[in-house]
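The next block holds one structure in the form of structure tokens; read it before the comments.
Number of protein chains: 2
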Amino acid sequence: MDFNEKQIDILLAAERLFATKGFDGTSVRDIAHEANVNVAMINYYFGSKDKLLDTFFEWRVPDFMINVDELALIENALDKIDTMVDRSIKSMNSHRKLYHIITIESSLKQRMLISAAFRKLKLHNLEVISSVINEGVAQGVFKGGNDPILIHSMMMGTFMNFQMNYSFLQEQLRIASDTEYARYIETTLTQFIQKTIKALLTYEK
Amino acid sequence: MDFNEKQIDILLAAERLFATKGFDGTSVRDIAHEANVNVAMINYYFGSKDKLLDTFFEWRVPDFMINVDELALIENALDKIDTMVDRSIKSMNSHRKLYHIITIESSLKQRMLISAAFRKLKLHNLEVISSVINEGVAQGVFKGGNDPILIHSMMMGTFMNFQMNYSFLQEQLRIASDTEYARYIETTLTQFIQKTIKALLTYEK
DNA sequence: GACAAAGTTAAACAAACGTTTAATTTAAAC
DNA sequence: GTTTAAATTAAACGTTTGTTTAACTTTGTC
Numbered sequence: 001m002d003f004n005e006k007q008i009d010i011l012l013a014a015e016r017l018f019a020t021k022g023f024d025g026t027s028v029r030d031i032a033h034e035a036n037v038n039v040a041m042i043n044y045y046f047g048s049k050d051k052l053l054d055t056f057f058e059w060r061v062p063d064f065m066i067n068v069d070e071l072a073l074i075e076n077a078l079d080k081i082d083t084m085v086d087r088s089i090k091s092m093n094s095h096r097k098l099y100h101i102i103t104i105e106s107s108l109k110q111r112m113l114i115s116a117a118f119r120k121l122k123l124h125n126l127e128v129i130s131s132v133i134n135e136g137v138a139q140g141v142f143k144g145g146n147d148p149i150l151i152h153s154m155m156m157g158t159f160m161n162f163q164m165n166y167s168f169l170q171e172q173l174r175i176a177s178d179t180e181y182a183r184y185i186e187t188t189l190t191q192f193i194q195k196t197i198k199a200l201l202t203y204e205k
Numbered sequence: 001m002d003f004n005e006k007q008i009d010i011l012l013a014a015e016r017l018f019a020t021k022g023f024d025g026t027s028v029r030d031i032a033h034e035a036n037v038n039v040a041m042i043n044y045y046f047g048s049k050d051k052l053l054d055t056f057f058e059w060r061v062p063d064f065m066i067n068v069d070e071l072a073l074i075e076n077a078l079d080k081i082d083t084m085v086d087r088s089i090k091s092m093n094s095h096r097k098l099y100h101i102i103t104i105e106s107s108l109k110q111r112m113l114i115s116a117a118f119r120k121l122k123l124h125n126l127e128v129i130s131s132v133i134n135e136g137v138a139q140g141v142f143k144g145g146n147d148p149i150l151i152h153s154m155m156m157g158t159f160m161n162f163q164m165n166y167s168f169l170q171e172q173l174r175i176a177s178d179t180e181y182a183r184y185i186e187t188t189l190t191q192f193i194q195k196t197i198k199a200l201l202t203y204e205k
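Going down the list, the protein sequences come from chains R and W.
Numbering follows our numbering, in which position 66 of the first sequence is assigned residue number 66; successive positions increment by one, without gaps.
Numbering follows our numbering, in which position 95 of the second sequence is assigned residue number 95; successive positions increment by one, without gaps.
The structure is reproduced here in structure tokens:
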């Protein structure tokens with residue numbers, strides 16, 4: 001999975017355009033123009049527009065996997081939650097536009113390659129969360145009876161909501177720039193999700 | 001805002017197709033075929049494909065507004081949260097496919113009419129949540145320092161995640177049918193969000 | 001420097017797109 | 001029954017779509 005300069009130009013151009021116009025809303029000519037290459041180069045290198053999206057996702061997907069090794073070093077269950085959330089949000093946020101596209105595309109159509117890879121990713125991250133929670137329950141730090149699927153959904157959903165309602169939230173939070181918004185996600189939003197999960201896992205009744 | 005039978009056929013056909021294929025992924029010929037009408041009827045009645053989406057949204061948007069009158073009758077702050085969440089989820093869930101499309105479309109493009117109407121809707125619901133929380137804080141039932149925007153985002157995001165990751169979650173939760181999934185959202189997921197908000201608002205530190 | 005392979009280009013391809021036209025049918029009004 | 005407007009149709013409109021072609025240039029190898 002190594003690409004030459006021109007291929008990377010195309011992948012990055014596609015990433016930018018898909019994020020603002022969607023997959024169907026972006027033409028291969030748009031991509032070619034944005035990447036400063038000839039239209040035919042996209043089919044030459046990637047086969048088709050669909051395969052470009054597949055390749056694109058496979059290129060980025062490893063970045064979204066939660067690192068298990070790092071978590072294994074942490075003993076305290078509450079700290080584990082914090083680190084897990086922090087790393088998850090950071091990885092999604094660093095490629096947030098891609099994550100946006102993938103979520104939309106896999107929710108709309110049967111994209112075999114993407115759906116399969118995306119499914120594996122979610123399954124991995126779900127298992128990591130599950131084990132962190134179960135460990136905390138075993139230690140007596142967390143209350144039982146909380147479905148990890150729901151907690152996982154809450155984390156992913158809250159983050160995604162910040163992508164999908166970007167302009168509304170930027171206005172409401174009085175955030176001027178793109179970079180400040182990204183920083184807000186990695187600080188305030190991350191802390192909110194950490195607090196929410198911990199509140200939930202220690203909540204009586 | 002009253003439509004004849006044929007117009008409603010078109011709106012319903014569009015709703016079904018947009019939900020599965022997206023707006024750009026659906027052609028006016030698809031819609032015409034699904035609604036059993038001539039292609040030209042869509043432009044005849046709605047002007048254009050874009051205006052069809054606008055009309056479509058305006059047609060449904062009142063259903064998504066949280067009813068303030070009902071909440072005013074409830075005194076207990078915790079009960080207010082429960083009712084507010086229950087009604088929000090119920091309304092979104094009853095038109096969940098439309099909500100799916102609108103979220104995607106308004107996140108991708110500058111759709112003036114939709115964005116404006118959607119913005120008003122979110123603003124209304126956000127204000128309702130804010131007042132419920134502030135009331136609870138004034139009563140001493142809730143801890144202060146929780147931004148209503150984040151709680152609102154959490155609720156909407158968690159719900160939306162259940163739309164966007166439909167097949168993954170259906171598989172993980174071992175839910176066989178569409179109706180059972182809808183029921184799960186209105187029971188288990190609703191309770192989870194209610195619990196999460198209450199845990200958050202009463203959480204120490 | 002000849003040769004083969006890879007890279008690159010403009011042009012053309014058929015198919016699908018949203019929309020409009022002009023002709024025809026239906027419905028309502030008098 | 002005639003007239004007028006609304007509804008409906010098949011066909012065509014000009015664009016744009018993703019993809020392919022065939023000619024050309026660059027690059028690396030012997």
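Glycine residues also receive a C-beta, built at the ideal position from the N, C-alpha and C atoms.
Q: Could you pull out every unbroken alpha helix (DSSP H) segment of at least 4 residues lying fully inside the segment 37-96 of chain W, listed in chain order?
A: 39-46, 49-60, 68-72, 77-94
**Q.** Supposed close pair I129/R, I151/R - CB separation, criterion 8 Å
**A.** 6 Å
Q. Mind pulling the chain R residues with CB within less than 7 Å of L173/W?
A. Annotation: Cβ neighbours of L173/W in chain R (cutoff 7 Å, chain order): I149.
Q: Using the Cα positions of K143/R and Q194/R, report the straight-line distance between them to the nearest angstrom.
A: 16 Å
Q: State the start and end residues of the unbroken alpha helix (DSSP H) segment that holds Y166/R.
A: 166-172
Q. Between I185/R and the rest of its own chain, which residues show a CB-CB distance below 7 Å, the 5 nearest in sequence each way excluded?
A. Cβ within range, chain order: I89, N93, F162.
Q. From what residue to what residue does the alpha helix (DSSP H) around V137/W run?
A. 112-138
Q: Locate the alpha helix (DSSP H) running through F192/R, then write down its first and last residues.
A: Taken as a continuous stretch (DSSP letters only), the alpha helix (DSSP H) holding F192/R covers 190-201.
Q. According to the Cβ coordinates, are T158/W and M154/R closer than 8 Å?
A. yes
Q: Tell me where the alpha helix (DSSP H) around K6/W begins and ends.
A: 5-21
Q) Should T187/R be labelled buried (16 or more other beta-carbon atoms within 10 Å of its own) or exposed? A) exposed
Q: Indicate whether at least one CB of chain R lies closer than 8 Å to the CB of A77/W.
A: no
Q) Between the C-alpha atoms of T196/R and A32/W, what's the straight-line distance to the nearest angstrom? A) 46 Å
Q) How is the alpha helix (DSSP H) around T179/W delimited, first residue to last? A) 178-184
Q: Figure out for me which residue from T179/W, S177/W, G145/W has the closest Cα to the Cα of L200/W.
A: Nearest of T179/W, S177/W, G145/W to L200/W, Cα basis: G145/W.
(Q) Strictly below 7 Å CB to CB, what residues from chain W border R119/R? (A) F168
Q. Who are the near neighbours of V137/W in its chain, counting only those whose CB is closer than 7 Å to its CB and skipping five residues on each side?
A. Answer for V137/W: G144, listed in chain order.
(Q) Less than 8 Å between C-beta atoms, sequence neighbours within five positions excluded: which residues of the same chain meet that for H124/R? (A) M65, I66
Q: To the nearest angstrom, report how far apart A19/R and L73/W are at their CA atoms.
A: Rounded to whole angstroms, A19/R to L73/W spans 44 Å at the Cα level.
(Q) With a threshold of 8 Å between beta carbons, is D24/W in contact with chain R? (A) Using a CB distance cut-off of 8 Å, D24/W counts as an interface residue toward chain R.
Q) Helix, strand or coil: which one does DSSP assign to M160/W? A) helix
Q: Report the three-state DSSP secondary structure of E105/W (helix, strand or coil).
A: helix
(Q) Please return the same chain residues whose Cβ sits closer than 7 Å to the Cβ of N43/R, not counting the five positions on each side in sequence. (A) none
Q) Just to confirm, are R16/R and E5/R a CB contact at a threshold of 8 Å? A) no
Q) Is the shortest distance between the beta-carbon of N161/W and the beta-carbons of chain R less than 8 Å? A) yes
Q: Could you tell me whether the Cβ of F57/W comes closer than 8 Å to any Cβ of chain R?
A: no
(Q) Short of 6 Å in beta carbon distance, which residues of its chain neighbour V132/W, apart from the five on each side in sequence? Order them along the chain. (A) K80, M84
Q | Rounded C-alpha distance that separates Q172/W from Q191/R | A | 28 Å
Q.
What does the Cβ neighbour count give for K120/R, buried or exposed, with the cut at 16 atoms within 10 Å?
A. exposed
(Q) My output table needs one value for E204/R: the three-state DSSP class, helix, strand or coil. (A) coil
**Q.** Residue nearest to K198/R in terms of C-alpha spacing, selected from D82/R, F57/R, T26/R, V28/R
**A.** D82/R
Q. Alpha carbon to alpha carbon, how far is D147/W from E204/W?
A. 15 Å
**Q.** Under 8 Å between C-beta atoms of L11/W and F56/W
**A.** yes
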